[in-house]
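Data block below; observations after.
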Amino acid sequence: MGSFYLVIGKRLPQGLNAINDRSKCDKCGHKLAWYDLIPIFSYVFLRGKCRYCKAKIDILNPIIEISMGLLFVYAYKHFQIGYEMFMFMITSSLMMIIFISDFSYYIILDSPLVLSGILILILKLSYLGLKETAFSILAGIALFFCMLFIKIIGDKIFKRESLGGGDIKFAFIIGLTLGFQLGLCALILSTFLALPYSCAALMLKKNNEVPYGPFLASSLFIVFTFSTKFINLLDLIFISL
Ligand SMILES: [Zn+2]
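Quick note on this note's numbering: the sequence shown kicks off at 5 and runs consecutively.
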């Protein structure tokens, strides 16, 4: 799956077909054979270099392949087969695709958002029932408008695009997955996660465009994985208020 997400995250933003186009070396353009494309193993046997031109293969490839494998093993070990395991697999997959496409091309693709939205709806309907699913959709819509509101204010203050369309659509998925309160937690957490990166990017580069998607995606992942801890935290805050 990690290998497949690399293909989606890197090819779709370039307007290439993820399934029909054959894999090529980024440097020399040589078509890659099936034995050049075995996850992790090919990278190890080729010692991280293209078989044909010896250009370095992006270290991101084996890292994403290994971490996706580990995440899926964790999903099975930690949750057992059921609602939470499938949700964990969907959110971690979405996180990985957004990491790849937003860091490389500053874009959150529509197709993974739509597909994961449909899968989440099917899961919620079959495990939690119609009422819960309807509440989740409402939470998604509420967070969508929260983000839209922040974008409109941000655009006015900074006089440029503050948030991308993908970030706003992604807020819907966050609400759909987590519900309104935890979804709001994830949005707040994402600003804290993005802050150090944004400061570093501002200081190091002239181009101060920061991809926000990876921070939203990791917040969704963190809040989902530790949802009981976040619910306890929310209870504490509400009691002390
Ligand atoms: Zn090459």
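Think of the CB as a built atom: it goes at the ideal place given N, C-alpha and C, for glycine as much as any other residue.
- Beta-bridge partners of residue 53 (DSSP): 60.
- Per the coordinates, the alpha-carbon of residue 173 lies some 28 Å from the alpha-carbon of residue 67.
- By the Cβ-count criterion, residue 178 is buried, with 16 or more other Cβ atoms from all chains shown falling within 10 Å of its own Cβ.
- Selection around ligand 1 by beta-carbon proximity, strictly under 7 Å to any non-hydrogen atom, yields 29, 31, 32, 34, 54, 56, 57, 59 in chain order.
- Residue 131 and residue 87 have their C-alpha atoms roughly 6 Å apart.
- The region 223 to 239 and the region 113 to 120 do not touch, with fewer than three beta-carbon pairs separated by less than 8 Å.
- Rounded to the nearest whole angstrom, the CA to CA distance from residue 207 to residue 200 is 11 Å.
- If you ignore the 5 residues before and after residue 197, its C-beta comes within less than 8 Å of the C-beta of 219, 222, 223, all in its own chain and listed in chain order.
- Counting only the Cα atoms, residue 9 lies some 7 Å from residue 100.
- Our two residues, residue 110 and residue 19, have alpha carbons roughly 14 Å apart in a direct line.
- In the DSSP assignment, residue 184 falls within the unbroken alpha helix (DSSP H) covering 184 to 208.
- Rounded to the nearest angstrom, the Cβ distance from residue 137 to residue 152 is 23 Å, too far for a contact under 8 Å.
- Separation of residue 164 and residue 108 (C-alpha to C-alpha, rounded to the nearest whole angstrom) is 21 Å.
- DSSP places residue 159 in the uninterrupted alpha helix (DSSP H) bounded by 134 to 162.
- Taking a 10 Å sphere around the C-beta of residue 69, we find 16 or more other C-beta atoms and assign the residue as buried.
- A straight-line Cα-Cα distance of about 13 Å links residue 185 and residue 175.
- Here the alpha carbons of residue 14 and residue 76 stand approximately 21 Å from one another.
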